[in-house]
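In the working numbering, the protein residues as written are 75 to 249.
Data first, discussion second: the structure below is written as structure tokens.
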DNA sequence: TGCACGATCTCG
DNA sequence: GAGATCGTGCAT
């Protein structure tokens with residue numbers, strides 16, 4: 075069996091599903107990052123969070139379609155990057171179909187925990203915002219042979235979203 | 001045109 | 001426990 079058989083690139087149909095199906099499936103998948111100098115870095119996703127539509131008060135799309143959230147209204151597989159606290163970039167993958175704004179925040183890979191640290195490790199900045207995991211030659215995702223098990227917990231840093239949304243167990247953590 | 005506030009991290 | 005640091009959304 076060749077390496078190509080073991081490592082298959084995730085395609086559109088993987089992302090064109092509800093975020094609550096995509097997010098747990100992303101745990102254990104591999105992010106491949108190819109740098110300008112040709113170096114390739116492969117990391118396994120260990121923690122993610124789901125943000126689900128305009129009704130979800132923790133989701134940025136709860137403020138409607140704005141300049142920032144516009145990409146979430148596109149088809150799954152696009153990349154959503156934003157700057158938080160004036161210094162940390164957050165890496166997200168858009169899910170679902172057009173006009174259904176959802177995204178998965180990558181909170182951890184391998185032993186690197188924290189969304190800001192992940193972006194720093196992979197050298198993700200605003201230039202990745204709105205790009206596609208299917209056409210980019212510097213970042214894409216690959217499937218893995220083994221399926222990872224996970225546990226769930228509440229999402230982090232969204233106290234403002236109110237009790238209901240704050241308590242959704244939409245964080246998925248690799249065991 | 002101004003302002004308050006983050007899907008955080010690091011240091012003390 | 002607090003400061004760093006700036007783009008965004010909303011009020012003015």
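For each residue, glycine too, the CB sits at the ideal point set by N, CA and C.
**Three-state secondary structure (DSSP) of residue 113** = The count along the first chain starts at 1 and reaches residue 113 at position 39. Coil.
**Prompt:** Under the three-state reduction of DSSP, which class applies to residue 157: helix, strand or coil?
**Reply:** Stepping through the first chain from its first residue, residue 157 is reached at position 83. Note: residue 157 maps to strand in three-state DSSP.
**Item:** Cut-off 6 Å between Cβ atoms - residues of its own chain near residue 86, not counting five sequence neighbours on either side
**Value:** On the first chain, position 12 is the one that residue 86 refers to. These residues qualify, in order along the chain: 151.
**Prompt:** Considering only the beta carbon of each residue, do residue 245 and residue 176 sit closer than 8 Å?
**Reply:** For the purposes of this step, residue 245 is taken as residue 171 along the first chain, with counting starting at 1. For the purposes of this step, residue 176 is taken as residue 102 along the first chain, with counting starting at 1. Their beta carbons are not under 8 Å apart, which means residue 245 does not touch residue 176 by this criterion.
**Straight-line gap, residue 204 to residue 249 (C-alpha atoms, nearest Å)** = Residue numbering aside, residue 204 sits at position 130 when the first chain is read from its first letter. Residue numbering aside, residue 249 sits at position 175 when the first chain is read from its first letter. Roughly 31 Å between the two C-alpha positions.
**Message:** Using only the alpha-carbon positions, how far apart do residue 90 and residue 174 sit?
**Reply:** The sequence position of residue 90 within the first chain is 16, counting from 1. The sequence position of residue 174 within the first chain is 100, counting from 1. Near 10 Å, if we compare the C-alpha coordinates of residue 174 and residue 90.
**Item:** Stretch pair the stretch 153 to 160 + the stretch 199 to 217: three plus CB contacts closer than 8 Å
**Value:** yes
**residue 118 versus 187, 243, 210, residue with shortest Cα-Cα distance** = In the first chain, the residue the question calls residue 118 occupies position 44. When each option's Cα is compared against that of residue 118, the closest is 187.
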